[in-house]
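Report on the structure given below.
Number of protein chains: 2
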Amino acid sequence: MRLAELSERSGVSTATIKYYLREGLLAPGRQINATTADYDDEHLRRLRLVRAMIQVGKVPVAKVREVLGHVDDDSLPLATRLGSAVWALPQLPEPDEDDDFVRGARLAMEELLGTLGWSNARAMASVSPAFRSLVLAAAALRRLGYDWSPEILVPYARLMREVAELDMAFMESHASEAEKAEIAVLGTVLVEPMLLALHRLAQEEESTRRYGFE
Amino acid sequence: MRLAELSERSGVSTATIKYYLREGLLAPGRQINATTADYDDEHLRRLRLVRAMIQVGKVPVAKVREVLGHVDDDSLPLATRLGSAVWALPQLPEPDEDDDFVRGARLAMEELLGTLGWSNARAMASVSPAFRSLVLAAAALRRLGYDWSPEILVPYARLMREVAELDMAFMESHASEAEKAEIAVLGTVLVEPMLLALHRLAQEEESTRRYGFE
């Protein structure tokens, strides 16, 4: 397809597509002559992904380029490519290891992964942004004086594991490795807000069912 | 306890406690004489909640006052008091009902609630911030050209319902209505980030288990 059709089918203006091309977020089309290039469905798919990250995920252009670099790097193991978005998205600050709450929270969360038998996540804990945010949230609760046992998290974690299995099943229904990695990026940017919205709706439903509105 | 002890036990400076008192975020202590007031465990608990909202949730002071007003209003039905935080926290923009994607997404999400049998959430949909964010996220996916059936969300929603049941069970293990409402606020501010972190960790675990790191 020509640039005009790519623009029409994606809803992205030709000026914006040209900008993405210049910034290397979109591979050049197949050059037909000096002024015309041809684009295919892969361009369209990539364009939608770029737009999702920029418009919905508010990911800066340089970061989008970095994420796509990981998504496309087939020298990387698939599990790493699937994690591209999470590892490249804005990160929480490094926890302060001189802080007793942080140290206590880290130990408790490492124990939690042990209890869950999540040995892969445990092995990656020291470099994982997800583990870091869990530690920071746990430390915040302790610092606020809330005394709680990490055991509380076990059933939550098991449900989240089921959610992750749904994620993977959906992804595996898609063919190529490249597409899988793209879907994983979309999942992080677009599906997490839906998950939170569903959680809050479920709370409304369950709370009203239990306590009614009298 | 005196102000100094309240400060020590909460980790909040006396100056900040005095500020919260002036702003009406904390009820005055029992006046003992012209310069001394006495505080109890309820003050301590409320102080921690206020600090959680301000420091971790980044909720503005005026909004904290509004949320606490709902939490404390025992003329409101309990289900409403429990939802105080969600309804008072920063809201997404009102969806544009002239937009075909929004209208389509709203219909699809109403249908989803029907399929799930969430009749209470369905009845509140027109005023629910959670439903609004679900519609906005669904509309964004459609606008980006991702063609998906809302059926995909059914198993996710069922898992989130189980999460909400855990939330309620935890809350019900706490005695008074006031405490329940406080825990619901904390849950929104502090527990949702943990839920997302657990989701991402579960993805790491499951992805590495399936695809390894070769």
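Line by line, the protein sequences are chains Z and H.
At position 167 of the first sequence (counting the first as 1) the number is 167 in the working numbering, and the numbers step up by one without a gap.
So the working numbering is basically just the index in the second sequence, starting at one, shifted up by 1000.
In this text, a Cβ means the ideal position worked out from N, Cα and C, and glycines have one as well.
Q | Nearest-angstrom beta carbon gap, Ala-1079 of chain H and Tyr-211 of chain Z [assumed within contact, 8 Å] | A | Between Tyr-211 of chain Z and Ala-1079 of chain H, the beta carbon gap of about 5 Å places them in contact (Cβ cut-off 8 Å).
Q: Going by DSSP, name the residue or residues bridged to Gln-1031 of chain H.
A: The partner list for Gln-1031 of chain H (beta bridge, DSSP) reads H:Ala-1037.
Q) Do Thr-36 of chain Z and the ligand COA come close, with the Cβ less than 7 Å from some heavy atom? A) The ligand COA is not part of this structure, which contains no ligands at all.
Q: May I ask you to list, following chain order, the residues of the region 1188-1208 of chain H that have a beta carbon less than 9 Å from some beta carbon of chain Z?
A: Only Thr-1188, Leu-1190, Val-1191, Glu-1192, Pro-1193, Met-1194, Leu-1195, Leu-1196, Ala-1197, Leu-1198, His-1199, Arg-1200, Leu-1201, Ala-1202, Gln-1203, Glu-1204, Glu-1205, Glu-1206, Ser-1207, Thr-1208 from the region 1188-1208 of chain H bring a Cβ to less than 9 Å from some Cβ of chain Z.
Q.
Taking the straight line between their C-alpha atoms, what separation do you get for Ile-17 of chain Z and Leu-107 of chain Z?
A. Rounded to the nearest whole angstrom, the C-alpha separation of Ile-17 of chain Z and Leu-107 of chain Z is 48 Å.
Q: Kindly list the residues whose CB is nearer than 6 Å to the CB of Pro-1095 of chain H, restricted to its own chain and excluding five residues on each side of it in sequence; keep chain order.
A: Closer than 6 Å at Cβ, skipping near neighbours: Val-1102, Val-1135, Leu-1136.
**Q.** Three or more C-beta pairs below 8 Å linking the region 107-126 of chain Z and the region 147-163 of chain Z
**A.** With the cut-off at 8 Å, the region 107-126 of chain Z and the region 147-163 of chain Z touch.
Q) From Asp-1021 of chain H to Ala-1197 of chain H, what distance separates their C-alpha atoms? A) As written in the sequence, residue 1021 of chain H is Leu, which differs from the Asp given in the question. Between Leu-1021 of chain H and Ala-1197 of chain H, the alpha-carbon positions lie close to 34 Å from each other.
**Q.** Reduced DSSP category for Glu-214 of chain Z - H, G, I as helix; E, B as strand; rest coil
**A.** Note on Glu-214 of chain Z: pLDDT 49, under 50, position unreliable in the model; no value is reported.
Q.
I need the DSSP call for Met-1001 of chain H, collapsed to helix, strand or coil.
A. Met-1001 of chain H: coil per DSSP, three-state reduction.
Q: Between the Cα of His-199 of chain Z and those of H:Ala-1139, H:Ile-1183, H:Leu-1025, H:Ala-1130, spot the shortest distance and give me the residue it belongs to.
A: Taking His-199 of chain Z as reference, the option from H:Ala-1139, H:Ile-1183, H:Leu-1025, H:Ala-1130 with the minimal CA-CA separation is H:Ala-1130.
Q | Simplified DSSP assignment, three categories, for Leu-1025 of chain H | A | DSSP places Leu-1025 of chain H in coil when its eight states are reduced to three.
Q: Report buried or exposed for Ser-1013 of chain H, applying the criterion of at least 16 other Cβ atoms within 10 angstroms of its Cβ.
A: Exposed, because fewer than 16 other Cβ atoms sit within 10 Å of the Cβ of Ser-1013 of chain H.
Q: Ignoring anything shorter than 4 residues or poking outside the region 115-176 of chain Z, list the alpha helix (DSSP H) runs there in chain order.
A: DSSP assignment within the region 115-176 of chain Z yields the following whole alpha helix (DSSP H) runs of 4 residues or more, N-terminal first: 119-124, 129-143, 153-172.
(Q) Can you pull out the residues from the region 142-163 of chain Z whose beta carbon lies closer than 8 Å to at least one beta carbon of chain H? (A) Arg-143, Leu-144, Gly-145, Tyr-146, Ile-152, Leu-153, Pro-155, Tyr-156, Ala-157, Leu-159, Met-160, Arg-161, Glu-162, Val-163: these are the residues of the region 142-163 of chain Z whose beta carbon lies less than 8 Å from some beta carbon of chain H, given in chain order.
Q. Who are the Cβ neighbours of Leu-1068 of chain H in its own chain at under 7 Å, not counting the five residues just before and after it?
A. So the qualifying residues of the chain are Leu-1025.
Q: Using three-state DSSP, classify Leu-1112 of chain H as helix, strand or coil.
A: When secondary structure is reduced to three states using DSSP, Leu-1112 of chain H falls in the helix class.
**Q.** Neighbour-count burial assignment, Arg-1158 of chain H, 16 or more Cβ in a 10 Å radius
**A.** In the assembly as shown, Arg-1158 of chain H is an exposed residue. Its beta-carbon has fewer than 16 other beta-carbons within 10 Å.
(Q) Rounded to whole angstroms, what is the Cα-Cα separation between Glu-1214 of chain H and Ala-85 of chain Z? (A) Its pLDDT being 49, under 50, Glu-1214 of chain H is placed unreliably by the model, and the measurement read from it follows with that caveat. Approximately 20 Å, taken between the alpha carbons.
Q) Straight-line CA distance for Met-168 of chain Z to Leu-116 of chain Z? A) Cα to Cα, the separation comes out at about 19 Å.
Q | Where Ser-1207 of chain H sits in the DSSP three-state scheme | A | Three-state result, Ser-1207 of chain H: helix.
Q) Between which two residues does the alpha helix (DSSP H) containing Val-59 of chain Z stretch? A) For Val-59 of chain Z, no alpha helix (DSSP H) encloses it, and the DSSP letter there is neither H nor E.
Q.
For a quick check, are the C-beta atoms of Ala-37 of chain Z and Arg-48 of chain Z less than 8 Å apart?
A. Not closer than 8 Å, so no.
Q.
Can you confirm whether Tyr-1019 of chain H, when its beta carbon is compared against all beta carbons of chain Z, has any partner nearer than 8 Å?
A. So, not an interface residue.
Q. List, in order along the chain, the chain Z residues whose C-beta lies closer than 8 Å to that of Phe-1170 of chain H?
A. Within chain Z, the residues near Phe-1170 of chain H are Ile-152.
Q: Go ahead and pull the three-state DSSP assignment for Ser-13 of chain Z.
A: Per DSSP, reduced to three states, the secondary structure at Ser-13 of chain Z is coil, with no helix or strand assignment.
(Q) Beta carbons nearer than 7 Å to chain H: which residues of the region 43-68 of chain Z have them? (A) Going along the region 43-68 of chain Z in chain order, one finds Arg-48, Arg-51, Ala-52, Val-56 with a Cβ nearer than 7 Å to chain H.
Q. With DSSP run on the structure shown, which of helix, strand or coil describes Pro-1077 of chain H?
A. Note: Pro-1077 of chain H maps to coil in three-state DSSP.
Q | Backbone CA spacing between Arg-1051 of chain H and Leu-144 of chain Z [nearest angstrom] | A | In this structure, the CA atom of Arg-1051 of chain H is about 7 Å from the CA atom of Leu-144 of chain Z.
Q) Among H:Tyr-1039, H:Val-1185, H:Glu-1205, H:Lys-1058, which has the Cα closest to the Cα of Leu-1006 of chain H? A) Closest option to Leu-1006 of chain H, Cα to Cα, is H:Tyr-1039.
Q) Roughly how many angstroms lie between the CA atoms of Glu-1177 of chain H and Leu-1044 of chain H, to the nearest whole one? A) Approximately 17 Å between the Cα atoms of the pair.
Q.
Out of Z:Leu-186, Z:Glu-205, Z:Ala-202, Z:Val-191, which one is the CA nearest neighbour of Arg-279 of chain Z?
A. Outside the displayed range of chain Z (1 to 214) lies residue 279 of chain Z, so it cannot be described from this structure.
Q) Of all the options H:Pro-1155, H:Ser-1010, H:Asn-1033, which has the alpha carbon lying nearest to the alpha carbon of Leu-195 of chain Z? A) If we check each option's Cα against that of Leu-195 of chain Z, H:Pro-1155 comes out closest.
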